[in-house]
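Trainee: The opening position of the sequence shown corresponds to residue 3 in the numbering used here, with each subsequent residue numbered one higher.
Cβ atoms here follow ideal geometry from the backbone N, Cα and C, with glycine treated the same way.
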Amino acid sequence: MMRLHRVRVWAAAGLAVAMPLVCRAAKEFSMPKTQPAFSFPAHDHHSNENVTVAVDPYDTAAKGNTFVVKYREHNLLPVLLIITNDSDDPIQLTGMKAELVTSDRTKLTPDSEEDIIRRISHPNASGTHYPIPFPTKKVKGGLNSKEMDEIQSAQFRAKAVEPRSSQAGFLFFDVADISNPLAGARFYLTGVRNSSGSDLMYFEVPLDKYLESQKQH
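(1) Below 8 Å on the Cβ atoms is my guess for residue 175 versus residue 81; work out the distance and round it to an integer in Å.
(2) Pick from 149, 99 and 84: whose alpha carbon is nearest that of residue 204?
(3) When you compare the CB positions of residue 151 and residue 69, do they come within less than 8 Å of one another, or not?
(4) Assess contact between the segment 167–186 and the segment 33–41, defined as three or more Cβ pairs (one per stretch) separated by less than 8 Å. Is contact present?
(5) Between which two residues does the beta strand (DSSP E) harbouring residue 173 extend?
(6) Going by the beta-carbon positions, is the gap between residue 177 and residue 189 smaller than 8 Å?
(7) First and last residue of the beta strand (DSSP E) that includes residue 101?
(8) Please list the segments of the beta strand (DSSP E) lying wholly inside the segment 174–206, counting only runs of 3 or more residues, in order along the chain.
(9) Roughly how many whole angstroms lie between the Cα atoms of residue 164 and residue 121?
(10) Look up residue 216 in the DSSP assignment and say whether it is helix, strand or coil.
(11) Cα separation between residue 84 and residue 111?
(12) For residue 58, which three-state DSSP category applies?
(13) Return helix, strand or coil for residue 208, following the three-state DSSP convention.
(14) Start and end of the alpha helix (DSSP H) containing residue 117?
(15) The beta strand (DSSP E) that contains residue 46, what's its start and end?
(16) If you run the structure through DSSP and keep just helix, strand and coil, what is residue 109?
(17) If I measure Cβ to Cβ from residue 92 and keep anything under 8 Å in the same chain, skipping five residues before and after, which residues do I get?
(18) Just the C-alpha distance for residue 211 and residue 102, rounded to the nearest angstrom, thanks.
(19) Pull up the distance between the alpha-carbon of residue 77 and that of residue 181, whole angstroms please.
(20) So who's on the other strand from residue 153, going by DSSP bridges?
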């Protein structure tokens with residue numbers, strides 16, 4: 003009877019360990035619903051062109067749960083970029099360049115897909131052995147298919163924004179060795195062009211607006 007009790011205890015303990023792993027394995031990335039850029043605290047609106055650019059850093063544990071990959075564990079800061087075009091003409095993003103400038107003037111550009119994969123991959127690691135099998139097929143450099151799909155689908159890839167619409171996606175910044183990348187930082191976006199191909203004035207978004215809004219929650 004005692005032996006049977008011990009078996010049940012070990013089985014229950016194994017299930018308690020396995021359940022979070024099952025949930026994590028079943029989790030899939032879903033892009034947050036796109037909201038107008040002006041609805042975010044950290045935004046810059048150009049009244050002449052009627053275009054607004056906003057950024058929303060995913061710097062908290064709660065926001066991090068949006069993703070399958072734990073980017074902050076790899077010193078990557080996901081920042082949601084939203085561009086809203088309230089004009090009557092499309093705008094072009096093919097020449098767009100983004101830059102995050104920290105308070106000490108360190109200039110950060112978004113990591114490429116290859117950079118992100120390289121950073122979070124551990125092809126030489128022995129890997130974690132789970133007590134039950136999971137559908138975690140490795141597709142590249144130690145990444146499973148869900149992680150790879152997330153990296154590809156999360157990034158900002160829009161080449162244009164049609165009239166009266168918005169486009170959104172994530173930029174990933176390498177913030178290794180930067181203790182507080184947002185305080186006093188500014189986000190710059192250049193290379194946005196109107197339908198005639200002329201550059202719009204650059205967008206400048208102070209990240210302190212975001213931090214101040216977080217204090218009110």
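Mentor: Taking the structure as given:
(1) 6 Å
(2) 99
(3) no
(4) yes
(5) 167–176
(6) no
(7) 99–103
(8) 188–192
(9) 34 Å
(10) helix
(11) 17 Å
(12) strand
(13) strand
(14) 115–122
(15) 45–48
(16) strand
(17) 162, 163, 164, 165 and 197
(18) 14 Å
(19) 10 Å
(20) None; residue 153 has no bridge partner.
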